[in-house]
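Peer 1: Sharing a structure here in C-alpha cells format.
In C-alpha cells form, the structure reads like this:
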C-alpha cells in the first residue's frame with residue numbers, strides 16, 4: 001500500500017508518496033484547483049494500491065477530497081493533531097510543505113483512520129451552521145462595542161440592559177427608543193448604526209436556526225428526539241460526523257468525538273483522564289447535550305449518581321455519560337444509515353438510562 005500524504009493550502013497542494021514502512025518515495029505539487037487535482041490523479045496512477053491521506057483543513061482541502069472521491073480513490077482525513085504529533089517526532093528536519101505532507105502520510109500509515117466518504121447532506125448542514133456561528137460571533141462583537149458606547153454616552157442607561165440580551169427584540173426596541181429621544185452626537189449616530197447591525201445579524205441567525213431545524217427534522221429526527229438535543233446540537237453532530245458508515249465501530253466513533261476514555265491509572269488507583277483529541281466541535285455538542293440532560297432528564301441524573309456512588313467525581317461521571325451518549329448517537333446514526341433514510345422510532349431511547 002502506497003500512502004499519498006497531502007499538505008493542502010489555498011493555492012497549492014503538496015503531495016508526498018511513502019511506502020508501507022513510511023519511507024519517502026516521491027514528492028510533487030499542483031495548483032489547488034480542479035486542473036491541479038486532475039494532474040495529481042494522473043501522477044498517482046504510477047502506484048497500484050494507494051491511499052490518499054489529506055490533512056483535515058476542509059476549508060482549503062474540501063475540493064480536493066471531493067475530486068478524489070468522485071474519481072473512485074480511497075482517502076482518509078488526517079486530523080491536524082495527528083499531523084502535529086508526527087511532525088514533532090521528526091522535528092530535527094525543520095518545517096516545510098513536503099515535511100508536513102510526509103507527516104500527514106506517516107500519520108495515516110500508523111493510525112486507524114475511518115475512510116472518507118461523500119458527505120453531500122452533511123456538507124450543506126456544516127456550511128449553514130458555520131455561517132450562523134460566524135454571524136453570531138460578529139453579533140457578539142457588535143453588542144460589546146454598542147454596550148461600551150452606550151456606557152460612555154449614559155452609564156445609568158447602559159446598566160439597565162442585561163449584558164447577554166442586547167440582541168433580543170425587547171432590548172433592541174428599548175435602545176432604539178432611547179437613541180431616538182437623544183440629540184446631536186456622533187456617538188449616538190454610531191450607536192444607531194451598531195444597533196441596526198446587531199438587529200440584522202440576530203434576524204439572520206434566527207432565520208438560519210429555523211432552516212437548520214427544518215433540515216434536522218428531515219435528516220435526523222432521531223437526534224432531535226434525544227433529551228437535551230436541540231436543532232443546533234443535532235446539526236453539529238450531523239455536520240462533523242459526515243457519513244457515519246466510515247466508522248467501523250462505536251469505539252472508532254468515540255475516538256472521533258473525543259469521548260473515548262484515556263486510562264490514567266497508577267497502582268491501586270484506577271481512573272481515566274480527559275481525552276483532548278477528536279473533533280472538538282463534535283465533542284462540545286455532546287457536552288452540551290449531557291449538561292442539559294443532567295438538569296432535565298431523570299435517566300441521566302440516575303446514571304450520574306450511580307457513577308458517583310462508584311467513586312467517580314462529578315467530572316469523571318460527566319465524561320462517562322458523554323461516552324455513553326456517543327455510543328447511543330452512533331447507534332441512532334448507523335440504524336438510520338442502514339435503513340437508507342433517517343426515521344424516528346415510535347419510542348427512541350434517551351441518551352442515558354437508569
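Numbering (full-length UniProt numbering), first residue to last: 1 to 354.
Ideal Cβ placement from N, Cα and C applies to all residues, glycine included.
#1: In the DSSP assignment, find the unbroken beta strand (DSSP E) run with residue 115 in it and report its ends.
#2: Kindly indicate which residue of 249, 277, 253, 248 has the alpha-carbon position closest to the one of residue 262.
#3: When you compare only the Cα positions, how much space is there between residue 81 and residue 297?
#4: Buried or exposed for residue 356, going by 16 or more other Cβ atoms inside 10 Å?
#5: What does DSSP give as the partner residues of residue 29 in its beta bridges?
#6: Of the choices 311, 320, 310, whose alpha-carbon is the least far from that of residue 287?
#7: Find out if the Cβ-Cβ distance for the pair residue 236, residue 337 is shorter than 7 Å.
#8: Return the CA-CA distance between residue 43 and residue 61, expressed in angstroms with no decimal places.
#9: Using 8 Å for Cβ pairs, my map puts residue 64 next to residue 37. What's the rounded Cβ distance?
#10: Please state whether DSSP places residue 4 in a helix, a strand or coil.
#11: Whose C-beta lies closer than 8 Å to the C-beta of residue 185 among residues of the same chain, with five residues either side of it excluded?
#12: So is residue 10 buried or exposed if we call it buried at 16+ other beta carbons inside 10 Å?
#13: Which residue or residues does DSSP assign as beta-bridge partners of residue 359?
#14: Going by C-alpha to C-alpha distance, which of 155, 285, 243 sits closest to residue 231?
#15: Output the distance between the C-alpha atoms of residue 182 and residue 188, rounded to the nearest integer angstrom.
#16: Among residues of its own chain, excluding the 5 on either side of residue 198, which ones have a beta-carbon nearer than 8 Å to its beta-carbon?
#17: For residue 191, does the three-state DSSP call read helix, strand or coil?
#18: Using the C-alpha atoms, what's the distance from residue 301 back to residue 92?
#19: On the three-state DSSP scale, how would you describe residue 53?
#20: Excluding the 5 residues preceding and the 5 following residue 179 in the sequence, name in chain order all residues of the same chain whose CB lies nearer than 8 Å to its CB.
#21: Check the C-beta distance from residue 51 over to residue 32 and give it rounded, since I have them as a contact under 8 Å.
#22: Give the range of the alpha helix (DSSP H) segment to which residue 163 is assigned.
#23: Taking just the CA atoms, how far does residue 174 sit from residue 203?
#24: How long is the line joining the alpha carbons of residue 169 and residue 225, rounded to whole angstroms?
#25: For a test of the three-state rule: what should DSSP assign to residue 92, helix, strand or coil?
#26: Let me confirm a value: residue 207 is counted as buried when at least 16 other C-beta atoms fall within 10 Å, else exposed. Which label applies?
#27: Give the single residue among 84, 72, 212 whose Cα lies nearest to the Cα of residue 133.
Peer 2: With the structure as the only source:
#1: Segment: none, residue 115 is in no beta strand (DSSP E) and carries neither H nor E.
#2: When each option's Cα is compared against that of residue 262, the closest is 277.
#3: Going by the C-alpha atoms only, they are around 34 Å apart.
#4: Outside the shown range of the chain, which is 1 to 354, sits residue 356, and nothing can be said about it.
#5: Residue 29 pairs with 14.
#6: If we check each option's Cα against that of residue 287, 320 comes out closest.
#7: It is not a contact, given that the beta carbons lie outside the stated cut-off.
#8: Roughly 18 Å between the two C-alpha positions.
#9: The pair is a contact, with the Cβ atoms about 6 Å apart (cut-off 8 Å).
#10: Strand at residue 4.
#11: Within the same chain, residue 185 has close Cβ partners 153.
#12: Its Cβ having fewer than 16 others within 10 Å, residue 10 is exposed.
#13: Nothing about residue 359 can be reported from this structure: the residues present for the chain run from 1 to 354 only.
#14: When 155, 285, 243 are compared, the shortest CA-CA separation from residue 231 is found for 285.
#15: Roughly 8 Å between the two C-alpha positions.
#16: Correct list, in chain order: 139, 142, 143, 146, 166, 167, 172.
#17: In the displayed model, residue 191 falls within a helix according to three-state DSSP.
#18: Here residue 92 scores only 49 on pLDDT, less than 50, and its place in the model should not be relied on; the value that follows carries that caveat. Approximately 50 Å, taken between the alpha carbons.
#19: If DSSP states are grouped into helix, strand and coil, residue 53 belongs with the strands.
#20: If you ignore the 5 residues before and after residue 179, its C-beta comes within less than 8 Å of the C-beta of 188, 191, 192, 195, all in its own chain and listed in chain order.
#21: The Cβ separation is near 20 Å, so there is no contact.
#22: No residue range can be given for residue 163, since it is assigned to no alpha helix (DSSP H) and is classified by DSSP as neither H nor E.
#23: Their backbone Cα atoms lie some 17 Å apart in a straight line.
#24: Roughly 29 Å separates the two Cα atoms.
#25: Annotation note: pLDDT 49 at residue 92 (below 50); position unreliable, no value reported.
#26: Classification for residue 207: exposed.
#27: Looking at the Cα atoms, 212 is the closest of the given residues.
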